[in-house]
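In what follows, a structure is listed as structure tokens, so that the remarks can point back to it.
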Amino acid sequence: MNDSVFANVDGEIATVILNAPERLNALNKDSWLRLGDVMESLSANDDLRCIVLRGAGDKAFAAGADIKEFETERANAKLAKIYGELVAKTMSAVATCRHPTVAMIKGACIGGGLEIAACCDIRICGQSSRFGIPIKRLGLVMAHAELDMLLALVGRSRALEILLEGEIFGADKALEMGLVNRVVSDDQVETEAYAAAGRIAEGAPLTARWHKKFALRLMEPEPLSDAERDEGYACFDTADFKAGVDAFVAKKKPKFSGK
Amino acid sequence: MNDSVFANVDGEIATVILNAPERLNALNKDSWLRLGDVMESLSANDDLRCIVLRGAGDKAFAAGADIKEFETERANAKLAKIYGELVAKTMSAVATCRHPTVAMIKGACIGGGLEIAACCDIRICGQSSRFGIPIKRLGLVMAHAELDMLLALVGRSRALEILLEGEIFGADKALEMGLVNRVVSDDQVETEAYAAAGRIAEGAPLTARWHKKFALRLMEPEPLSDAERDEGYACFDTADFKAGVDAFVAKKKPKFSGK
Amino acid sequence: MNDSVFANVDGEIATVILNAPERLNALNKDSWLRLGDVMESLSANDDLRCIVLRGAGDKAFAAGADIKEFETERANAKLAKIYGELVAKTMSAVATCRHPTVAMIKGACIGGGLEIAACCDIRICGQSSRFGIPIKRLGLVMAHAELDMLLALVGRSRALEILLEGEIFGADKALEMGLVNRVVSDDQVETEAYAAAGRIAEGAPLTARWHKKFALRLMEPEPLSDAERDEGYACFDTADFKAGVDAFVAKKKPKFSGK
């Protein structure tokens, strides 16, 4: 398997792997393209209920953008905009994926890697994982679309602390900042990430997709349309709602079909 | 007293009681209606300075919406919309009540109960209280108006963690998430909730109402009008401002009239 | 030096001192004016890379607005509006200063002092520092422009907790609320504040200014223009970007010119 990003599907749960361990899974143009394509393809797959994003190996989720390409693909503002729009498109594909996403973070979660994690719905990391966006050392700026995801997650003050000081910091600080949902011991990261994915996959899949869709929508300032408001009640016409209530009444575990 | 929701007024502090201990204070259509009515009536009462919301007994704030009504009042999308609009109206009555509100949380604070608590201004809970919105098991979705209150309180990532994983979690996790303002030992919940209400009631009541009104208003994306901006200075023409400054200068405790 | 607010410039780092230790650095009309002027003047200085804001002495960052002026400058709504617009203009000068700002907090950080700190990008405080906005005792209201900064920092529930209960609270509670970025031991506040300023000053100055500018801009609900989006890539045409990448490749410390 030589792909820089690839997916494994195991039943209702897919795993997306950032796969360039020789450069701590740093993303180059090819990786950004593939990550976007993989996320779009998984998003369209009705059989899925959760996607876990992870880096290959134990040393990194992803260490950022591949530095080699700064002198080629991002050598000036014009080229950098083309590159940046590709990154933004991929980030959007991660953030708007229909299925819930869990970032499973071991080791370095830096720069573009941290941005990908920020686009996921839930972030679970190991005690020794490390975070940061040290681009002040490169004279580099996060474009608006990328910065917006960070602001949505940790707020203006924490985002500026990360960007202005440019420090690399640990898991406890990441939790304090609201950058991750949960810190576990290093040998439990995989177990906890798939346990979370399992809990998500057990739930009604349409419910998960609607909650994710509505939460994203409510971040936008435009008022809701009547049709959008009505979609808040569409679940009551689904087979899964009936299955859920029946199982609750019968004190059984529900079995959802996604219909 | 057989009402499913009722209020006790004690001087400047009212207590609203979700009163269905036989079902852990879960709310049915009648409770939602009554809660809305009670809040609107208290909101109009100029003599009040703070409202404490609580569940009857020690076992629950409220365990959610009454499951029995899923098969009657919420049997399909059309009926559910009518029910949902009633819930949204009640939530709005809690959130926009002129007087400050304190949710006093013991035991289960689940589903619709958690939503009501989220509409209050301050949440104080006991160490053994439990939180969650496990509607992924029912194939049920939080409509936009309800989800919006949760997002405003804990942000997108924490809201999705709560909804997608559907776990029941404890007070420390709730504090970490920003879901509650304060955790105290179980036997101190009542003491601390009424101490907070007392601190609020001691303050100038118009000040409290303006702060609450402005904070809600600033959550909306529409720009402020000149008249709205001017209201930010209306306090300087009140008798209470003069009473407050006089008391400060005289190093006495101020006595406010709400005028 | 008798100025109520003044600045010391030491290389790339300026220090702004709220200087009225006889009243715990409480701000009067003259101080608000001077603080606004000082910040605007420093903002225009291209040689700067970071500004530290602090109070004179160890007892206070600033204890609020000078109480004496309540009976003169703020005796009624009309006068208070003039005063309030001056405060808002100064707050805006702090918040929109081109250079990153670090609030170094010792002792009392109360009322207007807390508002100034909230307008800074990063807040570092000592273990024994104290926070609060106890204006409920005065019958006084925070106008919208001031409240907005507090809401952006800690959210609606924490802001209302601070304003409605009106308590004075310590550094750990401030950290829990998200009111400060970092708590250190009292004798380390100065060291840590200037270490943070040093880390910021080491980075590319245009990068810092753009990040700050973009983060403020993204708080506004208006959609970005194409020109604004393009500014997200302008860094790639700077000399500092080339210097940063070259230094990275050469494994040397970059030297930035701000060009």
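Residue numbers (my numbering), protein chains in the order written: chain A, 363 to 621; chain B, 363 to 621; chain C, 363 to 621. Built from N, CA and C at the ideal position, the CB exists for glycine as well. All figures in this text were calculated on a predicted structure; none of them were measured in a lab.
- For Asn370(C), write down the residues that DSSP places opposite it in a beta bridge. Locating residue 370(C) in the third sequence gives position 8, counting from the first residue. Per DSSP, Thr377(C).
- Item | Span separating the alpha-carbon of Asp392(C) from that of Ser366(C) | For the purposes of this step, residue 392(C) is identified with residue 30 of the third sequence, where counting begins at 1. For the purposes of this step, residue 366(C) is identified with residue 4 of the third sequence, where counting begins at 1. Taking the straight line joining both Cα atoms gives about 7 Å.
- Per DSSP, which residues does Met466(C) bridge with? Please list them. On the third sequence, residue 466(C) is found 104 positions in, with the first residue counted as 1. BP columns for Met466(C) point to Ile486(C).
- Message: Check this for me: beta carbons of Glu402(B) and Ala455(B), under 8 Å apart or not?
- Response: By one-based count along the second sequence, residue 402(B) stands at place 40. By one-based count along the second sequence, residue 455(B) stands at place 93. Yes, the pair counts as a contact, with Cβ atoms nearer than the cut-off.
- Residues bridged to Phe531(A) by DSSP? Sequence index remark: in the first sequence, residue 531(A) carries index 169 (1-based). Bridge partners of Phe531(A): Phe493(A).
- Message: Would you call the region 369 to 377 of chain B in contact with the region 576 to 583 of chain A, where contact means no fewer than 3 C-beta pairs closer than 8 Å?
- Response: no
- Task: With a threshold of 16 other CB atoms inside 10 Å of the CB of Asp588(B), please say whether the residue is buried or exposed.
- Result: Position 226 of the second sequence holds residue 588(B). With fewer than 16 other Cβ atoms within 10 Å, it is exposed.
- Message: To the nearest angstrom, how far is the alpha carbon of Gly398(A) from that of Glu384(B)?
- Response: By one-based count along the first sequence, residue 398(A) stands at place 36. By one-based count along the second sequence, residue 384(B) stands at place 22. Looking at the two C-alpha atoms, the distance is approximately 52 Å.
- Query: Using a Cβ-Cβ distance under 8 Å, would Arg436(C) count as near chain B?
  - Reply: Start at 1 with the first residue of the third sequence, and residue 436(C) comes out as number 74. Interface residue, yes.
- What are the start and end residues of each continuous beta strand (DSSP E) run of 3 or more residues lying completely inside the region 533 to 619 of chain C, in chain order? 544 to 546
- Query: Would Gly620(B) count as contacting chain A if we go by Cβ distances under 8 Å?
  - Reply: The residue given as residue 620(B) occupies position 258 in the second sequence. No, because no Cβ of chain A sits closer than 8 Å to the Cβ of Gly620(B).
- Query: Which bits of chain B does Ile413(A) rub up against, with CB to CB less than 9 Å?
  - Reply: For the purposes of this step, residue 413(A) is identified with residue 51 of the first sequence, where counting begins at 1. In chain order: nothing, as chain B lies at least about 12 Å away.
- Are at least three pairs of beta-carbons, each pair with one atom in the region 462 to 482 of chain A and one in the region 553 to 569 of chain A, less than 8 Å apart? yes
- Item | Simplified DSSP assignment, three categories, for Gly417(A) | The sequence position of residue 417(A) within the first sequence is 55, counting from 1. Correct three-state label for Gly417(A): strand.
- Query: Just checking my contact of Pro616(C) with Arg499(A) at CB under 8 Å: how many whole Å lie between their CB atoms?
  - Reply: Residue 616(C) sits at position 254 when you count from the first residue of the third sequence. Residue 499(A) sits at position 137 when you count from the first residue of the first sequence. That belief holds up - the Cβ atoms of Pro616(C) and Arg499(A) are roughly 6 Å apart, short of 8 Å.
- Task: Look at the alpha carbon of Tyr595(C) and the alpha carbon of Gly446(A), and state the distance between them as a whole number of angstroms.
- Result: Here the question's residue 595(C) lines up with position 233 in the third sequence. Here the question's residue 446(A) lines up with position 84 in the first sequence. Rounded to the nearest angstrom, the two C-alpha atoms are 8 Å apart.
- Query: For Leu515(B), does the three-state DSSP call read helix, strand or coil?
  - Reply: Locating residue 515(B) in the second sequence gives position 153, where the first residue counts as 1. Helix.
- According to DSSP, what are the bridge partners of Leu389(B)? As a first step, residue 389(B) must be located in the second sequence, where it is residue number 27. In the DSSP output, where bridge partners are listed per residue, Leu389(B) has Ala427(B).
- Can you give me the start and stop residues for the alpha helix (DSSP H) that Gly474(A) sits inside? Here the question's residue 474(A) lines up with position 112 in the first sequence. Per DSSP, Gly474(A) belongs to the alpha helix (DSSP H) from Gly474 to Cys481.
- Message: Our contact map puts Leu512(C) next to Ala505(C) with C-beta atoms below 8 Å; I'd like the distance itself, whole angstroms only.
- Response: Here residue 512(C) corresponds to residue number 150 of the third sequence, with the count starting at 1. Here residue 505(C) corresponds to residue number 143 of the third sequence, with the count starting at 1. Wrong, their Cβ atoms sit about 11 Å apart, outside the cutoff.
- Is DSSP giving Ala437(C) helix, strand or coil here? If you number the third sequence from 1, residue 437(C) lands on position 75. Correct three-state label for Ala437(C): coil.
- Task: Compute the Euclidean distance between the alpha carbons of Ala338(B) and Ala418(C), then round it to the nearest angstrom.
- Result: Residue 338(B) cannot be examined here, being either before or after the span of chain B that is shown, 363 to 621.
- Task: Evaluate contact between the region 477 to 496 of chain B and the region 540 to 552 of chain B, counting only Cβ atoms and requiring at least three cross-stretch pairs below 8 Å.
- Result: yes
- Query: Is the CB of Trp572(B) under 8 Å away from at least one CB in chain C?
  - Reply: For the purposes of this step, residue 572(B) is taken as residue 210 along the second sequence, with counting starting at 1. So yes, Trp572(B) belongs to the interface.
- Between the region 562 to 572 of chain A and the region 596 to 615 of chain A, do at least 3 Cβ pairs fall closer than 8 Å? yes
- Message: For chain A, check one thing: does any of its Cβ atoms lie closer than 8 Å to the Cβ of Arg460(C)?
- Response: As a first step, residue 460(C) is located in the third sequence; it is residue number 98 there, counting from the start. Arg460(C) does not count as touching chain A.
- Query: Beta carbon of Glu527(A), beta carbon of Ile413(C): below 8 Å?
  - Reply: Residue numbering aside, residue 527(A) sits at position 165 when the first sequence is read from its first letter. Residue numbering aside, residue 413(C) sits at position 51 when the third sequence is read from its first letter. Cβ distance not < 8 Å, so Glu527(A) and Ile413(C) don't count as in contact.
- Message: Comparing C-alpha positions only, which one of Ile444(C), Leu476(C) and Ala612(C) sits nearest to Ala424(C)?
- Response: Sequence index remark: in the third sequence, residue 424(C) carries index 62 (1-based). Per the Cα distances, Leu476(C).
- Query: Of the residues Lys575(B), Arg492(B), Leu541(B) and Cys482(B), which one's Cα is nearest the Cα of Val378(B)?
  - Reply: Here residue 378(B) is taken as the residue at index 16 of the second sequence, counted from 1. Among Lys575(B), Arg492(B), Leu541(B) and Cys482(B), the Cα nearest to that of Val378(B) belongs to Cys482(B).
- CB-CB under 8 Å to Arg396(C), same chain, minus the five flanking residues each way: which ones, in chain order? One-based indexing of the third sequence puts residue 396(C) at position 34. Result list for Arg396(C): Asp365, Ser366, Val367 and Phe368, in chain order.
- Short CB-CB distance (under 8 Å) between Phe576(C) and chain A: In the third sequence, the residue the question calls residue 576(C) occupies position 214. Taking Cβ atoms only, chain A reaches closer than 8 Å to Phe576(C), which makes this a yes.
- Query: Buried or exposed: Glu433(A), going by 16 or more other Cβ atoms within 10 Å of its Cβ?
  - Reply: Here residue 433(A) refers to the residue found at position 71 of the first sequence. Exposed, because fewer than 16 other Cβ atoms sit within 10 Å of the Cβ of Glu433(A).
- Could you confirm whether any beta carbon from chain A is found closer than 8 Å to the beta carbon of Phe432(B)? In the second sequence, the residue the question calls residue 432(B) occupies position 70. Yes, contact with chain A.
- Return the residue from the list Val611(C), Gly540(C), Lys614(C) and Gly517(C) that minimises the CA-CA distance to Leu578(B). Taking the first residue of the second sequence as position 1, residue 578(B) is located at position 216. When each option's Cα is compared against that of Leu578(B), the closest is Gly517(C).
- Query: Can you find a heavy atom of the ligand COA that lies under 7 Å from the Cβ of Ala369(B)?
  - Reply: What this structure holds is no ligand at all, so the ligand COA is not there to describe.
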